[in-house]
Amino acid sequence: MHIESPQPQYDVVVVGGGMVGASFALDLARRCDNADLKILIVEAIASSDLNDQPSFDARSTALSFGSKTIYEAMGLWSALAETVTPILQIQVSDRGRFGSTQLTHAEQGVAALGYVVENRELGRVLNHSLAASSVIEQLAPATITGVVPRASGMQLTVLNGDHEIEVNGSLVVLADGGRSPICKNLGIGHKQEDYGQHAIITNIAFELSHAGTAFERFTDSGPLAVLPLASFDGLNRGALVWTVAAERSADLLDCDDKRFLAGLTDYFGGRLGEI
Ligand SMILES: Cc1cc2nc3c(=O)[nH]c(=O)nc-3n(C[C@H](O)[C@H](O)[C@H](O)COP(=O)(O)OP(=O)(O)OC[C@H]3O[C@@H](n4cnc5c(N)ncnc54)[C@H](O)[C@@H]3O)c2cc1C
0 MHIESPQPQY
10 DVVVVGGGMV
20 GASFALDLAR
30 RCDNADLKIL
40 IVEAIASSDL
50 NDQPSFDARS
60 TALSFGSKTI
70 YEAMGLWSAL
80 AETVTPILQI
90 QVSDRGRFGS
100 TQLTHAEQGV
110 AALGYVVENR
120 ELGRVLNHSL
130 AASSVIEQLA
140 PATITGVVPR
150 ASGMQLTVLN
160 GDHEIEVNGS
170 LVVLADGGRS
180 PICKNLGIGH
190 KQEDYGQHAI
200 ITNIAFELSH
210 AGTAFERFTD
220 SGPLAVLPLA
230 SFDGLNRGAL
240 VWTVAAERSA
250 DLLDCDDKRF
260 LAGLTDYFGG
270 RLGEI
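Counted the way numbering that gives the first Met the number 0 counts, the sequence shown spans residues 0 to 274.
The following block contains the structure:
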């Protein structure tokens, strides 16, 4: 449920209501149904501004069979099933080399090898479920600006509108993204390695239907993936992740569509006709 102002004490405070924080809070609430837990989730971006939330923009996510099973247990799958695209086969190829490998759902004896969900739709379903929950209190937009360990748990500073309030959590879950300044301030480190590669992410449309195929193609500049998306406005859509050498990415992002698509066709080939 949405709240305007938090209480002083919670059992669990989740920082960040993106894909990870929202999924975690909802699953925790389900698993602890009888435990009378008090859960607060704090998200910096208002749920009405879903497009601005990094987890829920125009990108897509491939949900594995295991993730589908978890969302099913959480009672969210029926809402997600209306929007996901099943992956019926996966084609793996190596640019410049002969042949390809095909994995099919029929061979594996499953309805689908995975499901592609558009992040915006996942955000809509998760936020709807958070708003409907009687266990989880959702404070958004509000920002956690500080976390200090105390003997009985953690003390958090919450910037809610233009005033700061203190909230205590017996357990704090940091789901505030990969570049978390809170982790850094708490001394929780991470290692980063530069591969010299950038991933260009966009949605594209093909002349031919993808027929539920996901493509994974290894190239000299890194992997190129195309996930199948549901048709829209008669377009055979796919979600592209194109890994390119870091020094080439600026040029590809700046060039016109014609040159971009010629470069992409050179890497992806004509499997689905004209892109
Ligand atoms: C092209 C691409 C494809 C991907 N495909 C897949 C895939 O197929 N399958 C998969 O599992 N993963 C995939 N990923 C990874 C996945 O997108 C990320 O792991 C996921 O978005 C991380 O979610 P998150 O909730 O941890 O962080 P984020 O999405 O970064 O969300 C963090 C949230 O915390 C909020 N926040 C931050 N700081 C604060 C604060 N101080 N106070 C309050 N709120 C705060 C932010 O507003 C935000 O909403 C992909 C990533 C990319 C780039």
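Beta carbons are placed, not taken as given, at the ideal position from N, Cα and C, and that holds for glycine.
Query, Result
"If you compare alpha carbons, which of T68, G16, V91, A78 is closest to P53?", "G16"
"Who are the Cβ neighbours of S275 in its own chain at under 6 Å, not counting the five residues just before and after it?", "The structure shown does not extend to residue 275, since the chain spans only 0 to 274, so no value can be given for it."
"Should G145 go down as buried or exposed, given a rule of 16 or more other Cβ atoms within 10 Å for buried?", "exposed"
"Would you verify that the beta carbon of Q52 is, or is not, closer than 8 Å to some beta carbon of chain C?", "Chain labels in this structure do not include chain C; a single protein chain is all it has."
"For W241, which residues does DSSP report across the bridge?", "I199, L223"
"Out of curiosity, what's the CA-to-CA distance linking P222 and T264?", "14 Å"
"Heavy atom of ligand 1 less than 7 Å from the Cβ of S54, yes or no?", "yes"
"Within 10 angstroms of the Cβ of I187, are there 16 or more other Cβ atoms? Answer buried if so, exposed if not.", "exposed"
"So what's V134 in DSSP terms, helix, strand or just coil?", "coil"
"Just grab the DSSP bridge partners of D93 for me.", "F217"
"In whole angstroms, what separates the C-alpha of G177 from that of A245?", "20 Å"
"Throw me the rounded Cβ distance for the A24 and L173 pair, which I believe falls under 8 Å.", "Not quite, the Cβ-Cβ distance comes to about 13 Å (not below 8 Å), so this is no contact."
"How about G17: is its Cβ closer than 7 Å to a heavy atom in ligand 1?", "yes"
"Given that a residue counts as buried once 16 or more other Cβ atoms are within 10 Å of its Cβ, and exposed if not, what is D175?", "buried"
"Since S151 and H197 should fall inside the 8 Å C-beta cutoff, what is the C-beta to C-beta distance between them, to a whole number of angstroms?", "So it is not a contact: roughly 45 Å between Cβ atoms."
"Using 10 angstroms around the beta-carbon of K190, count the other beta-carbons present and answer buried if the total reaches 16, otherwise exposed.", "exposed"
"Does the distance between the C-beta of E42 and the nearest non-hydrogen atom of ligand 1 fall short of 7 Å?", "yes"
"Span of the alpha helix (DSSP H) holding D10?", "Segment 8-14 is the beta strand (DSSP E) holding D10; no alpha helix (DSSP H) there."
"Are the CB atoms of P180 and I86 within a distance shorter than 8 Å?", "no"
"Please name the residue, chosen from L251, Y266, A21, that lies closest to I135 on a Cα-to-Cα basis.", "A21"
"In its own chain, which residues sit with a C-beta less than 6 Å from the C-beta of E215, not counting the 5 before and 5 after it?", "V91, A224"
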